[in-house]
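Each number in this note's numbering comes from the position in the sequence shown (counting from 1) with 1120 added on.
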Amino acid sequence: MESKELKQNTLFNPEGETDVRLRRMIGGNSTNLNDFNNMKYQWTSGWYRQAMNNFWVPEEINLTQDVKDYPLLNEEERKAYDKILSFLVFLDSLQSNNLPLVSEYVTANEVNLCLHIQAFQECVHSQSYSYMLDTICSPEKRNEILYQWKTDEHLLRRNTFIGNCYNDFQQHQNAFNLMKTLIANYILEGVYFYSGFMFFYNLSRNGKMPGSAQEIRYINRDENTHLWLFRNIILELKKEEPELFTPEKKEVYAEMIREGVRQEIEWGIYVLGNRIPGLNIQMISDYIHYLGNLRWKSLGEPYLFENNQKEPENMKWVMQYSNANLVKTDFFEAKSTAYAKSTALIDDLDSL
């Protein structure tokens, strides 16, 4: 499919437009000035403040109980813990390296400010996973887990789906490849991460690895904002660049979400199956189909899966865990309902 080539932002551009009415998500003529007072995309102001208020440090969370619990996990739980953590480490590493590339072609400085904050947070998430591994594992076991994405063929195969999409944009910077990268990011943030977090929350509701679950809750709170950010970027492009949303191209994006859902379900069967107390294949499949529907519908498109339009009743506990200490943001309505620094949070898992 033909698509216009994108021009990389000029770092120093005295000839850039200062009239916010002329600002565009892509293809604009930006001065690159970080101007917090004149914003075309007003929603970025609230997002920025929410993201800054979410600041946290991984080592603040106590993993003492996890050190005791990890050797007591059954074999299947421990294997799943290792593989899912390896997957999440890879995804956050991919994100922190890809986001700066995306920002080079976004010509709205207020949006780039948000992308830079997200890239920083992805680095914190990688640090968090390393902290979890350093605390509960030997150095040898830690390194084995970190690089399972290279040795586990199934894990490598599913990483390839997102990784190749990012590589395509790195090699060919056109608008269509950028849109596919944004959709891939949206899948990663809104399907893959949510599905991975579910496992840790399930361990915690069964009285295991509470520190890991709390660590994931902080990460989850950040990822919610990242998901909301990319949803808004896509919706702005939908208004500004209608040629990127022809029926043919929308079908490409829809198929990417279907493929992401298929791969996530296959992964869930492979790593969890019916072998983890509190989860089964039907629950996993229903929840991931629901996530795919939720993400596509929130872009103003029809449901992709007829039978999974509502959150499964037997998975509502996931949302309870992801709303860390009732710090909630109504991301799909673009309204923040609470701002809170992480220092205000306590380990309240027992109350859920």
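Backbone N, C-alpha and C fix where the C-beta goes; we use that ideal spot for every residue, glycine too.
In the three-state reduction of the DSSP assignment, serine 1250 falls in the helix class.
Each residue's CA atom was taken as its position, placing lysine 1328 and isoleucine 1401 some 21 Å apart. Between the stretch 1164 to 1172 and the stretch 1244 to 1261 there are fewer than three inter-stretch CB-CB distances shorter than 8 Å, so the stretches are not counted as touching. In the same chain as lysine 1358, and ignoring 5 residues on each side of it, the C-beta atoms closer than 6 Å to its own belong to Phe1365, in chain order.
Taking a contact as a CB-CB distance under 8 Å, the pair isoleucine 1146 and tyrosine 1225 counts as one, their CB atoms being some 6 Å apart. Rounded to the nearest angstrom, the Cβ distance from arginine 1198 to valine 1311 is 25 Å, too far for a contact under 8 Å. The beta carbon of asparagine 1229 is closer than 7 Å to those of Ser1150, Asn1152, Leu1153, Asn1154 and Asp1155 in its chain, skipping five residues each way along the sequence. The beta carbon of leucine 1302 lies closer than 8 Å to those of Val1222, Phe1350, Ile1353, Ile1354 and Leu1357 in the same chain, with the five residues before and after it left out. Contact between tyrosine 1441 and tyrosine 1314 fails: their C-beta atoms lie close to 11 Å from each other, not under 8 Å. Going by beta carbons, glutamate 1335 and isoleucine 1204 fall outside the 8 Å limit. Taken atom to atom, the span from the alpha-carbon of glutamate 1137 to that of phenylalanine 1207 is near 42 Å.
Sorting Asn1284, Phe1132, Arg1382 and Arg1144 by C-alpha distance to the C-alpha of leucine 1211 places Asn1284 at the top. The Cβ atoms of methionine 1252 and serine 1332 lie closer than 8 Å to each other. Burial is judged here by how many other beta carbons sit within 10 angstroms of a residue's own beta carbon; proline 1178 has at least 16 and is buried. The residues Gln1293 and Asn1294, in chain order, have a CB closer than 7 Å to that of glutamate 1125 in the same chain once the five nearest residues on each side in sequence are set aside. Within 10 angstroms of the beta-carbon of glutamate 1242 lie 16 or more other beta-carbons, which makes it buried.
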